[in-house]
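Have a look at the structure below, then the notes.
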Amino acid sequence: MSACLASLLLFASFLVGCSHLAPEIKSQKPWGQLAIMQGATSSTEASFVVAVPRQDKVVVELIDPVNQKILVKGEALSIEHLESQWKLVQFQFDKLRPRKVYDLMVRERWGRWQDKRSFRTLAREPATLRLALTSCMRDDDQRLAKIWQALASKKPDLIFMIGDNSYVDFHGLAPLVTNGKPPFWKRHMETRLRLPIFREQMLTPVFATWDDHDYGVNNGDRSFPWKSESTRTFSAFFPMRLKAASWSRGPGVSAAFSVGDQRFLFLDNRSFRSPKGAGPSATHFGARQTRWLHKQLRSGELNWLISGDQFFGGYHPFDSFAGHHPIAFKKLLGTIKKAKKKVLFVSGDRHISELMAIPKSELGYKTYEITASPMHSKVYPGAIKKNQNPLQLKGVDGRWNFVLVDVKRDKSESQLFFKAVGENNRVLFQKAVRL
Numbered sequence: 005m006s007a008c009l010a011s012l013l014l015f016a017s018f019l020v021g022c023s024h025l026a027p028e029i030k031s032q033k034p035w036g037q038l039a040i041m042q043g044a045t046s047s048t049e050a051s052f053v054v055a056v057p058r059q060d061k062v063v064v065e066l067i068d069p070v071n072q073k074i075l076v077k078g079e080a081l082s083i084e085h086l087e088s089q090w091k092l093v094q095f096q097f098d099k100l101r102p103r104k105v106y107d108l109m110v111r112e113r114w115g116r117w118q119d120k121r122s123f124r125t126l127a128r129e130p131a132t133l134r135l136a137l138t139s140c141m142r143d144d145d146q147r148l149a150k151i152w153q154a155l156a157s158k159k160p161d162l163i164f165m166i167g168d169n170s171y172v173d174f175h176g177l178a179p180l181v182t183n184g185k186p187p188f189w190k191r192h193m194e195t196r197l198r199l200p201i202f203r204e205q206m207l208t209p210v211f212a213t214w215d216d217h218d219y220g221v222n223n224g225d226r227s228f229p230w231k232s233e234s235t236r237t238f239s240a241f242f243p244m245r246l247k248a249a250s251w252s253r254g255p256g257v258s259a260a261f262s263v264g265d266q267r268f269l270f271l272d273n274r275s276f277r278s279p280k281g282a283g284p285s286a287t288h289f290g291a292r293q294t295r296w297l298h299k300q301l302r303s304g305e306l307n308w309l310i311s312g313d314q315f316f317g318g319y320h321p322f323d324s325f326a327g328h329h330p331i332a333f334k335k336l337l338g339t340i341k342k343a344k345k346k347v348l349f350v351s352g353d354r355h356i357s358e359l360m361a362i363p364k365s366e367l368g369y370k371t372y373e374i375t376a377s378p379m380h381s382k383v384y385p386g387a388i389k390k391n392q393n394p395l396q397l398k399g400v401d402g403r404w405n406f407v408l409v410d411v412k413r414d415k416s417e418s419q420l421f422f423k424a425v426g427e428n429n430r431v432l433f434q435k436a437v438r439l
């Protein structure tokens, strides 16, 4: 490791505000005391965000687990909120070795507590890739540990949080909006401290975009007056920054990156969208983001378009690109078809999970949309029968679940194996496809 010393990138603090609900840190535990998220990660970089008591000074150490040598050590700067007893610490390591396991030590400078975890980077050209797709994570139900245990047991390479990762405008079924402003920091922090995935000994990289409830308003669009504060808060909890050549940060909370020959585009479906029924000039992603999207599509790669609400959701009355902005939707499909670049659609929001087969007539080749929802939120038994989808190949309603996707490249094709998994590792549907 001496030839590839890692550097610790520290991000300056800003002030934003709130209170918290969280357990006390207990120093006798070797790990699991803190909510630690491994964020954007490549084969040589890994970023992190940690929730710690506001008054504490934090020291971060990158450790080689073989010889226990400290490779990097430094104090991390904070992102704070004026009224909160908890703050976030963001930091990033680079010049790491592909697929190598490292240890991460986060401790209070004066020794009052410490938390040690393990993490790894990604392979440069992985022969296989396992993704876990999640959305809709209401944090008020004590049973949520089981579904996260099921996900952790599958050992995904990446976790994609597709939207409603925190319900900032609700707690349970109670609305939490005062004068139109949701408690952004408070609700994100409560959710972060409660989800058990952030207390696993082996961390898993998390990439995220949002939907309406973590944006701050049900069915929200560009008219939301607090979207700047919402964007700052979301970006603090879900840092999406890398130096990798394949990485691109787009408008709002959008971002794109590649892992091998799989390209992932996380889209912002709220900041720029027109109100529903806004006429022929209406947009779902906004003109600037749409131009950015087109530039990010790669030939020779499978491009995953990832959005909080459904793309081909015109069959139901709820939020969707096709249902709310049909003219813009058809225009986007026409541009992709003309570009002759292969795409796959990923979405959340619906409180059902389903796999759709998109006809060849739409893009010039057969593709799919996979919807994963809810991880742990309200379920609606019978929803699939009530709003029948003519494109659906597989689906499940009335159960908490996530979708596991195993990706394998075979010559010029991607082999994809989709599996919806519920509590206690119960398989709810599965399907293998080729693209």
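In our numbering, the protein residues as written are 5 to 439.
Here a beta-carbon is modelled for each residue, glycine too, at the ideal position from N, C-alpha and C.
No experiment lies behind these values; they were computed from the predicted model shown.
Query raised in the report: Does the stretch 151 to 170 touch the stretch 328 to 346, meaning 3 or more C-beta pairs lie closer than 8 Å?
Result: By the Cβ criterion, the stretch 328 to 346 is not in contact with the stretch 151 to 170, since fewer than three pairs of Cβ atoms, one from each stretch, lie closer than 8 Å.
Query - Rounded separation between Leu177 and Leu199 - CA only - result: Counting from one through the sequence shown, the residue named residue 177 turns up at place 173. Counting from one through the sequence shown, the residue named residue 199 turns up at place 195. Distance between the alpha carbons of Leu177 and Leu199 is about 19 Å.
Query raised in the report: Since Pro179 sits in a beta bridge, which residues does DSSP pair it with?
Result: Within the sequence shown, residue 179 is the residue found at index 175, counting from 1. Note: Pro179 sits in a beta bridge opposite Phe174.
**Report entry** Under the three-state DSSP convention, the category Ala7 falls into
**Finding:** The count along the sequence shown starts at 1 and reaches residue 7 at position 3. No answer about Ala7 holds up, because its pLDDT of 34 lies below 50 and its placement is not dependable.
Report task. Assign Gly352 to one of three DSSP states: helix, strand, or coil. Result -> On the sequence shown, position 348 is the one that residue 352 refers to. Three-state result, Gly352: coil.
Report task. Would you list, in sequence order, the uninterrupted beta strand (DSSP E) runs of no fewer than 3 residues that lie entirely inside the stretch 359 to 385? Result -> Within the stretch 359 to 385, the complete beta strand (DSSP E) runs of at least 3 residues are 371 to 375.
Query - Arg274 versus Asp168, Val105, His175 and Ser303, residue with shortest Cα-Cα distance - result: Taking the sequence shown and counting its residues from 1, the one referred to as residue 274 is at position 270. Out of Asp168, Val105, His175 and Ser303, Asp168 has the C-alpha closest to the C-alpha of Arg274.
Query raised in the report: Which one or two residues does DSSP pair with Asp107 in a beta bridge?
Result: Locating residue 107 in the sequence shown gives position 103, counting from the first residue. Asp107 is bridged to Ile67 and Ser122.
Query - Given Tyr171 as reference, the closest of Pro330, Lys190, Leu155 and Thr48 once Cα atoms are compared - result: Position 167 of the sequence shown, counted from the first residue, corresponds to residue 171. Checked all of Pro330, Lys190, Leu155 and Thr48; the closest Cα to Tyr171 is Lys190.
Query raised in the report: Would you say the stretch 224 to 232 touches the stretch 145 to 152, given that touching needs at least three Cβ pairs under 8 Å?
Result: The answer is no - the stretch 145 to 152 does not touch the stretch 224 to 232, with fewer than three Cβ pairs under 8 Å.
Query - Residue of Asn428, Glu194, Gly78 and Met244 minimising C-alpha distance to Phe270 - result: Here residue 270 is taken as the residue at index 266 of the sequence shown, counted from 1. It is Met244.
Requested in this report: Would you tell me roughly how many angstroms separate the C-alpha atoms of Asp107 and Asp272, rounded to the nearest one?
Outcome: Residue 107 sits at position 103 when you count from the first residue of the sequence shown. Residue 272 sits at position 268 when you count from the first residue of the sequence shown. Near 33 Å, if we compare the C-alpha coordinates of Asp272 and Asp107.
Query raised in the report: Looking at the structure shown, is Lys389 part of a helix, part of a strand, or coil, going by DSSP?
Result: As a working note, residue 389 is residue 385 in the sequence shown. Looking at Lys389 - three-state DSSP - the assignment turns out to be helix.
Requested in this report: Please report how far the alpha carbon of Trp296 lies from the alpha carbon of Ala260, in whole angstroms.
Outcome: Translated into positions along the sequence shown, residue 296 becomes position 292. Translated into positions along the sequence shown, residue 260 becomes position 256. Taking the straight line joining both Cα atoms gives about 10 Å.
Query raised in the report: By Cβ distance, which residues of its chain are closer than 6 Å to Val350, with the 5 residues on each side in sequence left out?
Result: Within the sequence shown, the letter at position 346 stands for residue 350. Same-chain partners within the cutoff: Trp308, Ile310 and Ile374.
Report task. Look up Pro160 in the DSSP assignment and say whether it is helix, strand or coil. Result -> Residue numbering aside, residue 160 sits at position 156 when the sequence shown is read from its first letter. In the structure shown, Pro160 sits in coil (DSSP, three-state: anything other than H, G, I, E or B).
**Report entry** Distance between Ser239 and Glu28 (C-alpha atoms, nearest Å)
**Finding:** Translated into the one-based positions of the sequence shown, residue 28 becomes position 24. Translated into the one-based positions of the sequence shown, residue 239 becomes position 235. Low per-residue confidence applies at Glu28: pLDDT is 43, beneath 50, and the placement is therefore not dependable, though the value from the model is reported in the following sentence. Approximately 25 Å between the Cα atoms of the pair.
Report task. Mark Ile40 as exposed unless 16 or more other C-beta atoms lie within 10 angstroms of its C-beta, in which case mark it buried. Result -> In the sequence shown, the residue the question calls residue 40 occupies position 36. So Ile40 ends up on the buried side.
Query raised in the report: What number of angstroms, rounded off, separates the C-alpha of Phe123 from the C-alpha of Trp404?
Result: Within the sequence shown, numbered from 1, the residue matching residue 123 stands at position 119. Within the sequence shown, numbered from 1, the residue matching residue 404 stands at position 400. The alpha-carbon atoms of Phe123 and Trp404 are separated by roughly 27 Å.
**Report entry** Where Asn429 falls, given that 16 or more other Cβ within 10 Å makes a residue buried
**Finding:** If you number the sequence shown from 1, residue 429 lands on position 425. Result: exposed.
Query raised in the report: So, using beta-carbon positions, are Leu66 and Val76 closer together than 8 Å?
Result: Locating residue 66 in the sequence shown gives position 62, where the first residue counts as 1. Locating residue 76 in the sequence shown gives position 72, where the first residue counts as 1. The answer is yes: Cβ separation under 8 Å.
Report task. If I'm right that Asp323 touches Asn223 with Cβ under 8 Å, what's the distance once you round it to whole angstroms? Result -> Here residue 323 refers to the residue found at position 319 of the sequence shown. Here residue 223 refers to the residue found at position 219 of the sequence shown. The beta-carbon distance between Asp323 and Asn223, rounded to whole angstroms, is 6 Å. This is short enough to meet the 8 Å contact definition.
Query raised in the report: Can you pull the DSSP bridge partners for Met141?
Result: The residue given as residue 141 occupies position 137 in the sequence shown. Met141 is bridged to His380.
Query raised in the report: Can you give the beta carbon distance from Glu129 to Asp98, rounded, assuming they're within the 8 Å contact cut?
Result: On the sequence shown, residue 129 is found 125 positions in, with the first residue counted as 1. On the sequence shown, residue 98 is found 94 positions in, with the first residue counted as 1. Going by Cβ atoms, the distance from Glu129 to Asp98 rounds to 19 Å, so no, they are not a contact pair.
Query raised in the report: How big is the Cα-Cα spacing for Gln419 and Leu336?
Result: Taking the sequence shown and counting its residues from 1, the one referred to as residue 419 is at position 415. Taking the sequence shown and counting its residues from 1, the one referred to as residue 336 is at position 332. Cα-Cα distance, rounded: 25 Å.
Query - Identified DSSP bridge partners for Thr132 - result: Your numbering for residue 132 matches position 128 in the sequence shown. Per DSSP, Lys412.
Query raised in the report: Out of Phe242, Val383 and Gln266, which has the shortest C-alpha to C-alpha gap to Gly256?
Result: Residue 256 sits at position 252 when you count from the first residue of the sequence shown. Residue Phe242 is the option with its Cα nearest to Gly256.
Query raised in the report: Helix, strand or coil for His329 per DSSP?
Result: Taking the first residue of the sequence shown as 1, we reach residue 329 at position 325. DSSP places His329 in coil when its eight states are reduced to three.
Query raised in the report: Do Gly352 and Gly327 have their CB atoms nearer than 8 Å?
Result: One-based indexing of the sequence shown puts residue 352 at position 348. One-based indexing of the sequence shown puts residue 327 at position 323. Not a contact, by the Cβ cut-off of 8 Å.
Query - Euclidean distance between Cα positions of Arg4 and Ala376 - result: For the chain, the structure presents residues 5 to 439; residue 4 sits outside this window and is missing.
Report task. Determine, using beta carbons only, whether Val53 and Val110 come nearer to each other than 8 Å. Result -> For the purposes of this step, residue 53 is identified with residue 49 of the sequence shown, where counting begins at 1. For the purposes of this step, residue 110 is identified with residue 106 of the sequence shown, where counting begins at 1. In this structure, Val110 does not lie closer than 8 Å to Val53 by Cβ.
**Report entry** Nonlocal neighbours in the same chain, by C-beta distance under 7 Å from Ile166, ignoring five residues either side
**Finding:** Position 162 of the sequence shown, counting from 1, holds the residue named residue 166. For Ile166, where only same-chain residues beyond five positions count, the Cβ hits under 7 Å are Leu137, Thr138, Ser139, Thr213, Ile310, Gly312, Val350, Ser351, Gly352 and Ala376.
Query raised in the report: Which residues in the same chain as Phe333 place their Cβ atom closer than 6 Å to its Cβ, once the five residues preceding and following it in sequence are excluded?
Result: Counting from 1 along the sequence shown, the entry for residue 333 is found at position 329. So the qualifying residues of the chain are Phe325 and Ala326.
Report task. Measure the beta-carbon distance from His288 to Arg302 and round it to whole angstroms, keeping in mind my assumption that it falls under 8 Å. Result -> By 1-based counting over the sequence shown, the position of residue 288 is 284. By 1-based counting over the sequence shown, the position of residue 302 is 298. No, His288 and Arg302 are not in contact; Cβ-Cβ is about 22 Å, not under 8 Å.
Query raised in the report: To which residues of the same chain is Gln300 closer than 8 Å at the C-beta, ignoring the five residues directly before and after it?
Result: Translated into the one-based positions of the sequence shown, residue 300 becomes position 296. Correct list, in chain order: Ser252, Gly254, Ala260, Arg267, Leu269 and Asn307.
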